[in-house]
Amino acid sequence: MIVNHIPFLVDATRGEYGTLIGHVARANSIWKSFSSEIASVIIFQGPQGYITPSWYPSKHRHGKAVPTWNYTVVHAHGIPRAIEDKDWLLQHVTTLSDLYESKRAMPWRVSDAPSEYIDSMLNTIIGIEIPINAVVGQWKMSQNKPLSDKLGIIEGLHEHVDENSQQMVALVKRGNHKI
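Numbering (full-length UniProt numbering), first residue to last: 1 to 179.
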């Protein structure tokens with residue numbers, strides 16, 4: 001088993017479930033270990049975090065409560081392939097840069113760098129495409145708890161101002177249409 005952290009874009013127009021598109025440094029040997037017969041599993045984690053039983057009103061009534069961990073995750077399965085085509089790589093890094101630079105006041109563009117430099121940098125990466133053939137999503141957002149405990153979780157999470165906690169609040173609410 002080989003594990004790596006690789007950012008991917010999804011091309012939803014290609015394949016039944018889309019195609020993951022990314023790249024790694026040529027020095028990262030993961031691209032040499034791809035199987036053409038066994039699917040890779042790509043894991044995307046969403047909001048997650050510790051839920052204290054202190055947030056449950058039911059704990060204060062009867063004490064029958066334990067901590068838990070709420071989470072969201074998606075597992076995408078597919079057979080990866082390595083891509084060394086420079087035109088493909090240039091298009092990929094341009095798309096990736098444009099996406100992540102788009103909200104900046106003065107976005108950087110691939111064309112801002114000298115073309116010889118970009119060409120030399122393209123020699124140091126390998127593209128990866130993974131047509132997705134299966135998707136498995138899981139989430140645990142206290143959906144098994146009574147409404148009063150869910151409201152307690154939401155109130156407790158509101159004490160944390162980080163983005164992850166606020167995303168968890170939205171997911172707990174979404175899991176119960178009465179909130």
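Here a beta-carbon is modelled for each residue, glycine too, at the ideal position from N, C-alpha and C. If you're wondering where the values come from, they're calculated on a predicted model, not measured in any experiment.
Who does residue i pair with in a DSSP beta bridge?
{"i": "G78", "result": "S40 and I132"}
{"i": "A113", "result": "Note: A113 sits in no beta bridge, so no partner."}
{"i": "H23", "result": "G127"}
{"i": "A140", "result": "Correcting the residue type first, residue 140 is Lys in the shown sequence and not Ala. Partner(s): Y71."}
Report back the beta-carbon spacing between residue i and residue j to the nearest angstrom; my notes put them in contact at under 8 Å.
{"i": "H23", "j": "I126", "result": "6 Å"}
{"i": "T72", "j": "L171", "result": "7 Å"}
{"i": "I132", "j": "L20", "result": "6 Å"}
{"i": "I128", "j": "W31", "result": "7 Å"}
If you draw a straight line from the C-alpha of residue i to the C-alpha of residue j, how long is it?
{"i": "E37", "j": "P146", "result": "45 Å"}
{"i": "A25", "j": "N164", "result": "30 Å"}
{"i": "R14", "j": "R81", "result": "15 Å"}
{"i": "I43", "j": "S142", "result": "22 Å"}
{"i": "T94", "j": "V161", "result": "34 Å"}
{"i": "M121", "j": "Y17", "result": "31 Å"}
{"i": "I83", "j": "S29", "result": "14 Å"}
{"i": "W139", "j": "D85", "result": "38 Å"}
{"i": "L151", "j": "P57", "result": "9 Å"}
{"i": "N70", "j": "S97", "result": "32 Å"}
{"i": "F8", "j": "Q166", "result": "24 Å"}
{"i": "H60", "j": "T52", "result": "12 Å"}
{"i": "L99", "j": "A12", "result": "16 Å"}
{"i": "S40", "j": "F34", "result": "8 Å"}
{"i": "R174", "j": "A27", "result": "43 Å"}
Counting Cβ pairs, one atom from each stretch, are 3 or more of them under 8 Å apart for the region 97-110 and the region 71-84?
Taking a contact to require three or more Cβ pairs closer than 8 Å, the region 97-110 and the region 71-84 do not qualify as touching.
Report yes or no: do the region 60-71 and the region 117-126 share at least 3 C-beta pairs separated by less than 8 Å?
Taking a cut-off of 8 Å on C-beta distances, the region 60-71 does not touch the region 117-126, as fewer than three cross pairs fall below it.
Within 8 Å, do at least three Cβ pairs link the region 37-52 to the region 87-96?
No, the region 87-96 is not in contact with the region 37-52.
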